[in-house]
Amino acid sequence: MVSIISDTVASVLDALDIRYLREEGEFNFRVGEDDGDITYCVSVDEEGEMLTVVGYFPVCVPQENVDRVCRLLNDLNEQSVIGAFSVDPEDRRPSFHLSNYVCGGAVKERIVQMCLLQVMGHVSHSFQAIARAMYGGEQYTFTFANESPSPEQPD
Numbered sequence: 065m066v067s068i069i070s071d072t073v074a075s076v077l078d079a080l081d082i083r084y085l086r087e088e089g090e091f092n093f094r095v096g097e098d099d100g101d102i103t104y105c106v107s108v109d110e111e112g113e114m115l116t117v118v119g120y121f122p123v124c125v126p127q128e129n130v131d132r133v134c135r136l137l138n139d140l141n142e143q144s145v146i147g148a149f150s151v152d153p154e155d156r157r158p159s160f161h162l163s164n165y166v167c168g169g170a171v172k173e174r175i176v177q178m179c180l181l182q183v184m185g186h187v188s189h190s191f192q193a194i195a196r197a198m199y200g201g202e203q204y205t206f207t208f209a210n211e212s213p214s215p216e217q218p219d
């Protein structure tokens with residue numbers, strides 16, 4: 065099967081100097097933020113000419129703060145022109161996702177790059193606000209989903 069979109073995604077990730085794991089129709093990579101590592105998944109539907117990019121936050125929302133975080137994500141979604149924040153109902157992990165039609169005859173690297181950078185920008189820009197909502201106003205540094213967050217020490 066021809067993998068025009070997948071090859072374009074690989075080209076864009078290479079140009080951005082992002083190391084990734086490529087499997088059939090999917091790319092996975094991590095980007096270290098000041099506050100923790102964000103996991104990204106890029107899914108490609110060659111037949112449907114669709115690209116979906118999801119940025120997963122590194123920890124799950126504590127059960128007692130799910131309502132507060134969901135209200136914040138709703139507010140963020142109302143301000144966003146594209147994509148959407150959500151909390152997975154199973155593991156309570158926040159994410160931001162964007163799906164976009166990318167072909168129409170020719171895949172443009174610019175469109176693929178815009179999709180990737182929009183998701184990465186939304187996640188990076190909102191990270192601390194979501195962390196404060198998750199943990200009652202304290203600022204936290206996150207590492208991986210299976211580790212507990214640790215409060216930042218004041219200077």
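For the sequence shown, the positions run 65 to 219 when the working numbering is used. We put the beta carbon where it would ideally sit given N, CA and C, even for glycine.
Nearest neighbour of residue i, chosen from the options [CA to CA]
i, options, result
"ALA74", "ASP101, VAL125, LEU115, GLY96", "LEU115"
"ILE175", "CYS105, THR103, ASP98, VAL117", "VAL117"
"VAL106", "ASP98, GLY112, GLY89, GLY100", "GLY89"
"ASP81", "ALA193, VAL123, ALA195, LEU180", "LEU180"
"PRO153", "GLN192, ASP78, GLN127, LEU162", "GLN127"
Close Cβ partners of residue i (< 7 Å) along its chain, the five nearest in sequence each way excluded
i, result
"ALA197", "ASN129, ARG132, VAL133, LEU136"
"TYR165", "GLU113, MET114"
"ARG83", "PHE93"
"ILE194", "PHE121, VAL133, LEU136, PRO158"
Own chain partners of residue i with C-beta closer than 6 Å, once the 5 adjacent residues on each side are dropped
i, result
"GLN177", "VAL76"
"ASN92", "LEU85, CYS105"
"THR103", "ARG94, TYR120"
"TYR184", "The sequence as given places Met at residue 184; Tyr does not occur at that position. Counting only Cβ-Cβ distances below 6 Å, and skipping sequence neighbours, we find nothing."
Integer Cβ distance of residue i from residue j, believed to fall under 8 Å
i, j, result
"VAL125", "PHE160", "Actually they are not in contact, since the Cβ atoms of VAL125 and PHE160 sit about 14 Å apart, beyond 8 Å."
"TYR120", "ARG157", "6 Å"
"SER6", "LEU140", "Residue 6 lies beyond the residue range present for the chain, which begins at 65 and ends at 219; the question has no answer from this structure."
"GLN167", "GLU113", "Inspection of the sequence shows that residue 167 is occupied by Cys rather than by Gln. Yes, CYS167 and GLU113 are in contact; Cβ-Cβ is about 4 Å, under 8 Å."
"ILE69", "VAL108", "5 Å"
"LEU162", "GLN182", "6 Å"
Under 7 Å between C-beta atoms of residue i and residue j
i, j, result
"PRO122", "ASP155", "no"
Beta-carbon contacts of residue i that lie in its chain and below 8 Å, excluding the five residues immediately before and after
i, result
"SER144", "HIS186"
Mind pulling the beta strand (DSSP E) runs of 3 or more residues that sit fully within the region 129 to 197? If you keep only unbroken beta strand (DSSP E) runs of at least 3 residues inside the region 129 to 197, you get 148 to 151, 158 to 165.
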